[in-house]
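Residue numbers (full-length UniProt numbering): 1 to 280.
The beta-carbon is built from N, C-alpha and C at its ideal position, and this holds for glycine as well.
Notes to accompany the following structure.
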């Protein structure tokens with residue numbers, strides 16, 4: 001037994017020495033004596049929020065690829081900075097002055113011609129009313145004859161929204177407005193300026209034509225819509241913002257009408273499946 005005592009003491013001293021070295025090493029590393037696994041978890045928790053942030057994984061190649069593969073968002077970002085500078089440094093139009101409209105400036109030549117030639121103004125107004133009739137006829141035709149109600153639903157959505165917005169903010173008639181008894185709405189009746197139903201209706205019809213691959217008709221409507229917009233600016237029948245929002249409204253309400261149809265189809269399919277389950 002005495003022969004084994006030195007061996008036991010040697011092992012004990014060696015173990016104590018290892019523990020002391022580990023403790024000194026931990027204290028030297030400044031971890032307060034915590035085991036490495038706990039320290040790793042604490043570091044992961046501290047940096048967890050930022051490590052999950054998207055920009056932490058960006059590289060120089062990503063930055064170069066942003067300009068290469070996504071040029072349009074980059075252009076929009078530059079436009080944001082540009083127009084922020086324009087907006088914050090431009091003097092606002094006084095309340096006693098008429099609104100500044102870039103479209104009116106660009107079509108001043110046409111306004112002078114139409115103001116000096118009432119017959120030409122009446123002719124163009126009549127042709128514009130004919131174009132509005134073409135839009136209306138096509139939109140109703142797609143529903144009543146072809147059985148496709150999307151364009152009609154879109155037009156109903158659009159004119160409802162236009163009525164609400166037009167009544168909510170009743171803009172004054174632009175200075176120099178050149179009215180005509182044959183312009184739509186016919187009879188020199190009052191109308192809402194914001195937004196242009198002429199333009200929105202044409203966009204709705206054109207989008208439907210493209211869905212049906214009626215490319216020739218669609219391009220014809222687009223060209224006529226542009227000419228219509230130039231005439232409306234020249235006669236001061238609409239502000240530029242009315243026409244621009246009219247384009248967006250046509251696209252928006254066509255999309256909403258499509259979602260409405262899709263929702264109805266899904267509801268009908270769900271109801272049909274439910275009835276089938278009842279009888280099985």
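- Task: Would you mind stating whether residue 194 and residue 245 have Cβ atoms separated by less than 9 Å?
- Result: Taking 9 Å as the Cβ cut-off, residue 194 and residue 245 qualify as a contacting pair.
- Query: Could you give the distance in angstroms between the alpha-carbon of residue 65 and the alpha-carbon of residue 86?
  - Reply: Rounded to the nearest whole angstrom, the C-alpha separation of residue 65 and residue 86 is 29 Å.
- Curious, which full-length beta strand (DSSP E) runs of at least 3 residues does the stretch 60-109 contain? Within the stretch 60-109, no beta strand (DSSP E) run of at least 3 residues lies entirely inside it.
- Query: If you compare alpha carbons, which of 93, 147, 62, 254 is closest to residue 206?
  - Reply: Taking only the C-alpha atoms, the option nearest residue 206 is 254.
- Message: Quick check on residue 196: buried or exposed, where buried means 16 or more other Cβ atoms within 10 Å of its Cβ?
- Response: Result: buried.
- Query: Beta carbon of residue 243, beta carbon of residue 103: below 9 Å?
  - Reply: The answer is yes: Cβ separation under 9 Å.
- Item | Residue span of the alpha helix (DSSP H) that contains residue 201, given as start and end | Following the DSSP letters along the chain, one finds residue 201 inside the alpha helix (DSSP H) bounded by residues 197-211.
- Look at the alpha carbon of residue 108 and the alpha carbon of residue 208, and state the distance between them as a whole number of angstroms. Approximately 34 Å between the Cα atoms of the pair.
- Could you check the C-alpha separation between residue 168 and residue 155 for me, to the nearest Å? Near 20 Å, if we compare the C-alpha coordinates of residue 155 and residue 168.
- Assess, as a yes-or-no matter, whether the stretch 126-138 is touched by the stretch 257-272 under the definition of 3 or more beta carbon pairs within less than 8 Å. As far as the Cβ criterion goes, the stretch 257-272 does not touch the stretch 126-138, which means the pair count is below three.
- Does the separation of the CB atoms of residue 250 and residue 158 fall below 9 Å? With respect to residue 158, residue 250 sits close: the two C-beta atoms are nearer than 9 Å.
- Smallest Cα separation from residue 201: which of 94, 161, 90? For residue 201, the closest alpha carbon among the candidates 94, 161, 90 is that of 161.
- Message: What residue range does the alpha helix (DSSP H) around residue 138 cover?
- Response: That run of the alpha helix (DSSP H) goes 118-144.
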